[in-house]
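Colleague:
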Amino acid sequence: MKKIRKTILRTIMHIFLVLLAAFQLFPLVVLFLNSLRSDKEIKSFPIGLPDAPSLKNYIETWEKGGYGIAFKNSILVGICVIAIVLVFASFAAYALARLNIPGKSFFTGYFMLGMSFPTFLFIVPLYYNFSQMGLVNTRLSIIIIYSASYISFAILLIRTFLVGIPKELEEAGRIDGCSEIGVFRYIILPLLKPILATVALIVFVWCWNEFLWSNTFLTTDSIRTVATRFYKFTSEWSKDLAKIYTAGVITLAPIIVLYLTLQKTFIEGLTQGAVKG
Amino acid sequence: MCLLFVMPAFVYHVVVVIIPSIKTVFLSFFDWNGISEAKFIGLQNYIEMFTKDAVLPIAFKNTMIWTLLFITVPVALALAAALGVSKVKRHLPQMLYRTIYFLPYVLSASIAGKIWSNFYNPFYGFNTVFEKLGLEKLSQVLWLGNPKIALFAVAFVSNWSWWGFVMVLFISALQQVDPALYEAAGIDGGNFWKCFIHVTLPGIAPTLIFVISLSLMWSILSFDFVWVMTMGGPGQATEMLSTWIYKNAFVSYRAGYANAICVLQSAIVLLIFFANQKISKKVEEIT
Numbered sequence: 001m002k003k004i005r006k007t008i009l010r011t012i013m014h015i016f017l018v019l020l021a022a023f024q025l026f027p028l029v030v031l032f033l034n035s036l037r038s039d040k041e042i043k044s045f046p047i048g049l050p051d052a053p054s055l056k057n058y059i060e061t062w063e064k065g066g067y068g069i070a071f072k073n074s075i076l077v078g079i080c081v082i083a084i085v086l087v088f089a090s091f092a093a094y095a096l097a098r099l100n101i102p103g104k105s106f107f108t109g110y111f112m113l114g115m116s117f118p119t120f121l122f123i124v125p126l127y128y129n130f131s132q133m134g135l136v137n138t139r140l141s142i143i144i145i146y147s148a149s150y151i152s153f154a155i156l157l158i159r160t161f162l163v164g165i166p167k168e169l170e171e172a173g174r175i176d177g178c179s180e181i182g183v184f185r186y187i188i189l190p191l192l193k194p195i196l197a198t199v200a201l202i203v204f205v206w207c208w209n210e211f212l213w214s215n216t217f218l219t220t221d222s223i224r225t226v227a228t229r230f231y232k233f234t235s236e237w238s239k240d241l242a243k244i245y246t247a248g249v250i251t252l253a254p255i256i257v258l259y260l261t262l263q264k265t266f267i268e269g270l271t272q273g274a275v276k277g
Numbered sequence: 001m002c003l004l005f006v007m008p009a010f011v012y013h014v015v016v017v018i019i020p021s022i023k024t025v026f027l028s029f030f031d032w033n034g035i036s037e038a039k040f041i042g043l044q045n046y047i048e049m050f051t052k053d054a055v056l057p058i059a060f061k062n063t064m065i066w067t068l069l070f071i072t073v074p075v076a077l078a079l080a081a082a083l084g085v086s087k088v089k090r091h092l093p094q095m096l097y098r099t100i101y102f103l104p105y106v107l108s109a110s111i112a113g114k115i116w117s118n119f120y121n122p123f124y125g126f127n128t129v130f131e132k133l134g135l136e137k138l139s140q141v142l143w144l145g146n147p148k149i150a151l152f153a154v155a156f157v158s159n160w161s162w163w164g165f166v167m168v169l170f171i172s173a174l175q176q177v178d179p180a181l182y183e184a185a186g187i188d189g190g191n192f193w194k195c196f197i198h199v200t201l202p203g204i205a206p207t208l209i210f211v212i213s214l215s216l217m218w219s220i221l222s223f224d225f226v227w228v229m230t231m232g233g234p235g236q237a238t239e240m241l242s243t244w245i246y247k248n249a250f251v252s253y254r255a256g257y258a259n260a261i262c263v264l265q266s267a268i269v270l271l272i273f274f275a276n277q278k279i280s281k282k283v284e285e286i287t
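Pasting the structure below:
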């Protein structure tokens, strides 16, 4: 009796899990299939296999939407932000994890606060300040903002990683007469490689996805990043559903591919950053 | 000397984030359109907020409904799924579930939200599917057009992207619960619920507290999904604190007044942040 009950419960649980998976994937599958269908097909019925699958939508959408430029902008912004964040954060994290600095707990607490700092508390004056400085509607504006916003996350993640590795190597380095900078450069930095890669990946995805700042600060198409370009595209082409769904695939696909290949890095980086931060 | 390692990051963050934030508080006492000279008006903005602004109470109410939804629905769903997934013993399917559930979380809210808006489209969206399935009533629902439903329709999408993240947090918490405790409970003849209440729940309490405070903060600041899907409409049916701030600051150019609402919103968020810090320290001491 008990065994039968257990089997039934088990089956129910599996059905539940499969349904949840279907629920998560279903919108993305529909999105992908619709990118291969014509506007007419989609309008007659929103779910279905393509009658004559073609890449026509992709070619048209890519050109009309200017996604080449948007991709270039997002990648450029992403690389600059990653560079700034990695340099500042690895130094700071090293100090917080290893060095005897005054106010250590203050700084750690500060960056914890920085991680959950409410965006709306600084967006308004920053916008009008940047506007006076002529920075609004430049890629530099959001590079500055993103790197400041993501730096706390990076510091805490790298710090946690450093706390978890033994100190012997550095001490050996110090005995051998390395300076603090030398220890950092030749001993710490090589050890940090995996966590720096994690930070770079996550920061890149955040830059790609970010909407509030980029939609406020970037108003010209030539400098828009992918997410904001897509947002504007949907109002320009609201009548052509095939193009909208295709644009959805174009803008989401890079992140989905990255995620599926590096899912462990994603999941661990994002959740550890949240919890231990 | 060693301070030099931490100073660049600190100063950079202070300049870009903290100084403008202080300015926000300061300018909330001014009448300011963002461009011309700001005029000091004392508490006028705050008085207007609590007495004259007819939209703010609606925005506040909607934000509260949203918050209530997000400290319950995704948390319960994520916990149920985490319990299920951690029972899946084989490595590959377990990873597969985790990967799939988490996937929407890494996608851009603005892009995903816009795509869902198309699914909600009354003429070309899923309503056509409901019609074909013979679900007459469902097919006539204006998901984003009906003021009674719109907020929940947007929250539904936001939940789709959010709960997988919460689930992963729960899975790692569950893995840290000492298996010996379950065995002890099992010997006592404990059934699933007894195990859950006496072993699992206390074991994951710190994560649960963390998840709830994270959901609280995140709900009060919530912006992207609402903005791209409804812009606070129809009427004011999905107006949130953040969308109302945004409209005041960047649509009607009442930057001073927007700052006053920002101060209110951030005060709530920061209060939760510090409360969470205090509580989690207490919990750590106990466990």
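Here the protein sequences come in this chain order: A and B.
No gaps in the numbering here: position 231 of the first sequence is 231 in this note's numbering, and each next residue is one more.
No gaps in the numbering here: position 282 of the second sequence is 282 in this note's numbering, and each next residue is one more.
The beta carbon of each residue, even a glycine, is placed where N, CA and C say it ideally should be.
Does any C-beta atom of chain A lie closer than 8 Å to the C-beta of tryptophan 116 (chain B)?
Modeller: Position 116 of the second sequence holds residue 116 (chain B). Taking Cβ atoms only, chain A reaches closer than 8 Å to tryptophan 116 (chain B), which makes this a yes.
Colleague: Measuring only the C-alpha atoms, how far is lysine 39 (chain B) from lysine 281 (chain B)?
Modeller: What you label residue 39 (chain B) is simply residue 39 of the second sequence in a count that begins at 1. What you label residue 281 (chain B) is simply residue 281 of the second sequence in a count that begins at 1. So the alpha carbons of these two residues sit roughly 44 Å apart.
Colleague: Using CA coordinates, which residue listed in A:Arg98, A:Ala253 and A:Phe230 is at the minimum distance from lysine 243 (chain A)?
Modeller: As a working mapping, residue 243 (chain A) is identified with position 243 in the first sequence. Selected option, being the one with the closest Cα: A:Phe230.
Colleague: Starting from the C-beta of threonine 198 (chain A), find all residues in its chain whose C-beta is less than 6 Å away, skip the five residues before and the five after it, and write them out in chain order.
Modeller: Start at 1 with the first residue of the first sequence, and residue 198 (chain A) comes out as number 198. Contacts found: Thr265 and Gly269.
Colleague: Helix, strand or coil, according to DSSP, for glycine 277 (chain A) in the structure here?
Modeller: Within the first sequence, numbered from 1, the residue matching residue 277 (chain A) stands at position 277. Reliability of the predicted coordinates at glycine 277 (chain A) is poor, the pLDDT of 40 falling under 50, and no value is obtained from them.
Colleague: Using a Cβ-Cβ cut-off of less than 7 Å, list which residues of the region 179–206 of chain A approach chain B; keep chain order.
Modeller: So the close ones are Glu180 and Val205.
Colleague: Would you call the CB atoms of histidine 13 (chain B) and alanine 148 (chain A) closer than 8 Å?
Modeller: Numbered from its first residue, the second sequence carries residue 13 (chain B) at position 13. Numbered from its first residue, the first sequence carries residue 148 (chain A) at position 148. Yes; because the gap between Cβ atoms is below 8 Å, this pair is in contact.
Colleague: Distance check for phenylalanine 233 (chain A) and leucine 218 (chain A), CA to CA, integer angstroms please.
Modeller: Position 218 of the first sequence, counted from the first residue, corresponds to residue 218 (chain A). Position 233 of the first sequence, counted from the first residue, corresponds to residue 233 (chain A). For leucine 218 (chain A) and phenylalanine 233 (chain A), the distance between alpha carbons rounds to 14 Å.
Colleague: Are any of the Cβ atoms in chain B nearer than 8 Å to that of glycine 114 (chain A)?
Modeller: Within the first sequence, the letter at position 114 stands for residue 114 (chain A). Yes - at least one Cβ of chain B is within 8 Å of the one on glycine 114 (chain A).
Colleague: Would histidine 13 (chain B) count as contacting chain A if we go by Cβ distances under 8 Å?
Modeller: Walking along the second sequence from the start, residue 13 (chain B) turns up at place 13. So, interface residue.
Colleague: Using a Cβ-Cβ cut-off of 8 Å, state whether threonine 24 (chain B) counts as contacting chain A.
Modeller: Counting from 1 along the second sequence, the entry for residue 24 (chain B) is found at position 24. Judged by the 8 Å Cβ criterion, threonine 24 (chain B) is in contact with chain A.
Colleague: What separation, rounded to the nearest whole angstrom, lies between the Cα atoms of asparagine 73 (chain A) and tryptophan 62 (chain A)?
Modeller: In the first sequence, the residue the question calls residue 73 (chain A) occupies position 73. In the first sequence, the residue the question calls residue 62 (chain A) occupies position 62. One C-alpha to the other measures close to 15 Å.
Colleague: For the candidate residues B:Ser161, B:Phe192, B:Pro202 and B:Leu151, whose alpha-carbon lies nearest to that of glutamine 176 (chain B)?
Modeller: Counting from 1 along the second sequence, the entry for residue 176 (chain B) is found at position 176. With distances taken between Cα atoms, glutamine 176 (chain B) lies closest to B:Pro202.
Colleague: Would isoleucine 143 (chain A) and serine 214 (chain A) be called neighbours here (beta carbons separated by less than 8 Å)?
Modeller: What you label residue 143 (chain A) is simply residue 143 of the first sequence in a count that begins at 1. What you label residue 214 (chain A) is simply residue 214 of the first sequence in a count that begins at 1. Their beta carbons are not under 8 Å apart, which means isoleucine 143 (chain A) does not touch serine 214 (chain A) by this criterion.
Colleague: When you compare the CB positions of alanine 97 (chain A) and leucine 162 (chain A), do they come within less than 8 Å of one another, or not?
Modeller: Taking the first residue of the first sequence as position 1, residue 97 (chain A) is located at position 97. Taking the first residue of the first sequence as position 1, residue 162 (chain A) is located at position 162. Yes. Within cutoff.
Colleague: Please tell me whether leucine 99 (chain A) and phenylalanine 165 (chain B) are closer than 8 Å, where the distance is taken between their beta carbons.
Modeller: The residue you call residue 99 (chain A) lines up with position 99 of the first sequence. The residue you call residue 165 (chain B) lines up with position 165 of the second sequence. It is not a contact, given that the beta carbons lie outside the stated cut-off.
Colleague: Tell me whether threonine 225 (chain A) counts as near the ligand MG, meaning its Cβ is closer than 7 Å to at least one heavy atom of that ligand.
Modeller: With respect to the ligand MG, the structure shown offers nothing to examine, as it has no ligands at all.
Colleague: In chain B, which residues lie with their C-beta within 7 Å of the C-beta of leucine 99 (chain A)?
Modeller: One-based indexing of the first sequence puts residue 99 (chain A) at position 99. What leucine 99 (chain A) touches in chain B: Cys2 and Phe5.
Colleague: Considering Cα atoms alone, identify which of B:Phe26, B:Ala78, B:Pro179 and B:Ile71 is closest to leucine 216 (chain B).
Modeller: Numbered from 1 along the second sequence, position 216 holds the residue referred to as residue 216 (chain B). When each option's Cα is compared against that of leucine 216 (chain B), the closest is B:Ile71.
Colleague: Is there a C-beta anywhere in chain B that falls below 8 Å from the one on glycine 277 (chain A)?
Modeller: As a working mapping, residue 277 (chain A) is identified with position 277 in the first sequence. Unreliable placement is indicated for glycine 277 (chain A), whose pLDDT of 40 sits below 50; the coordinate value is still reported in the next sentence. Glycine 277 (chain A) does not count as touching chain B.
Colleague: What number of angstroms, rounded off, separates the C-alpha of methionine 231 (chain B) from the C-alpha of threonine 238 (chain B)?
Modeller: For this step, residue 231 (chain B) is matched to residue 231 along the second sequence. For this step, residue 238 (chain B) is matched to residue 238 along the second sequence. Using only the alpha carbons, I get a separation of about 8 Å.
Colleague: Quick check on the DSSP output: what are the complete alpha helix (DSSP H) runs of length 4 or more inside the region 152–220 of chain A, in order along the chain?
Modeller: The qualifying runs are 168–175, 180–183, 189–209 and 212–217.
Colleague: List the DSSP bridge partners of lysine 39 (chain B).
Modeller: For the purposes of this step, residue 39 (chain B) is taken as residue 39 along the second sequence, with counting starting at 1. Answer is B:Asp31, bridged to lysine 39 (chain B).
Colleague: Pull up the distance between the alpha-carbon of alanine 9 (chain B) and that of alanine 92 (chain A), whole angstroms please.
Modeller: In the second sequence, counting from the first residue as 1, residue 9 (chain B) sits at position 9. In the first sequence, counting from the first residue as 1, residue 92 (chain A) sits at position 92. Roughly 7 Å separates the two Cα atoms.
Colleague: Counting C-beta neighbours from all protein chains within 10 Å, is the total for isoleucine 35 (chain B) 16 or more, i.e. buried, or is it exposed?
Modeller: Residue numbering aside, residue 35 (chain B) sits at position 35 when the second sequence is read from its first letter. It is exposed - the Cβ of isoleucine 35 (chain B) has fewer than 16 other Cβ atoms within 10 Å.
Colleague: Using a Cβ-Cβ cut-off of less than 8 Å, list which residues of the region 137–164 of chain A approach chain B; keep chain order.
Modeller: Hits within the stretch, in order: Ile144, Ile145, Ser147, Ala148, Ser149, Ile151, Ser152 and Ile155.
Colleague: Just tell me which of A:Thr220, A:Glu180, A:Arg10 and A:Val205 has its CA closest to the CA of glycine 66 (chain A).
Modeller: For the purposes of this step, residue 66 (chain A) is taken as the residue at position 66 of the first sequence. Residue A:Thr220 is the option with its Cα nearest to glycine 66 (chain A).
Colleague: Quick check: what's the CA-CA separation for glycine 78 (chain A) versus alanine 150 (chain B)?
Modeller: The residue given as residue 78 (chain A) occupies position 78 in the first sequence. The residue given as residue 150 (chain B) occupies position 150 in the second sequence. Each residue's Cα considered, the two are about 34 Å apart.
Colleague: What's the C-alpha gap between proline 122 (chain B) and tyrosine 97 (chain B)?
Modeller: Stepping through the second sequence from its first residue, residue 122 (chain B) is reached at position 122. Stepping through the second sequence from its first residue, residue 97 (chain B) is reached at position 97. For proline 122 (chain B) and tyrosine 97 (chain B), the distance between alpha carbons rounds to 32 Å.
Colleague: Find out if the Cβ-Cβ distance for the pair leucine 241 (chain A), aspartate 51 (chain A) is shorter than 8 Å.
Modeller: By 1-based counting over the first sequence, the position of residue 241 (chain A) is 241. By 1-based counting over the first sequence, the position of residue 51 (chain A) is 51. No; because the gap between Cβ atoms is not below 8 Å, this pair is not in contact.
Colleague: For valine 85 (chain B) and chain A, any beta-carbon pair shorter than 8 Å?
Modeller: For the purposes of this step, residue 85 (chain B) is taken as residue 85 along the second sequence, with counting starting at 1. So yes, valine 85 (chain B) belongs to the interface.
Colleague: Which stretch, first to last residue, makes up the alpha helix (DSSP H) that contains asparagine 127 (chain B)?
Modeller: The residue you call residue 127 (chain B) lines up with position 127 of the second sequence. Where asparagine 127 (chain B) is concerned, the enclosing alpha helix (DSSP H) stretches over 126–132.
Colleague: Roughly how many angstroms separate the alpha carbons of isoleucine 8 (chain A) and isoleucine 42 (chain A), rounded to a whole number?
Modeller: To locate residue 8 (chain A), count along the first sequence from 1; it is residue 8. To locate residue 42 (chain A), count along the first sequence from 1; it is residue 42. Distance between the alpha carbons of isoleucine 8 (chain A) and isoleucine 42 (chain A) is about 40 Å.
Colleague: Among the residues of its own chain, which have a CB less than 7 Å from the CB of alanine 247 (chain A), if the five just before and after it don't count?
Modeller: Numbered from 1 along the first sequence, position 247 holds the residue referred to as residue 247 (chain A). Same-chain partners within the cutoff: Thr61, Gly65, Phe230 and Phe233.
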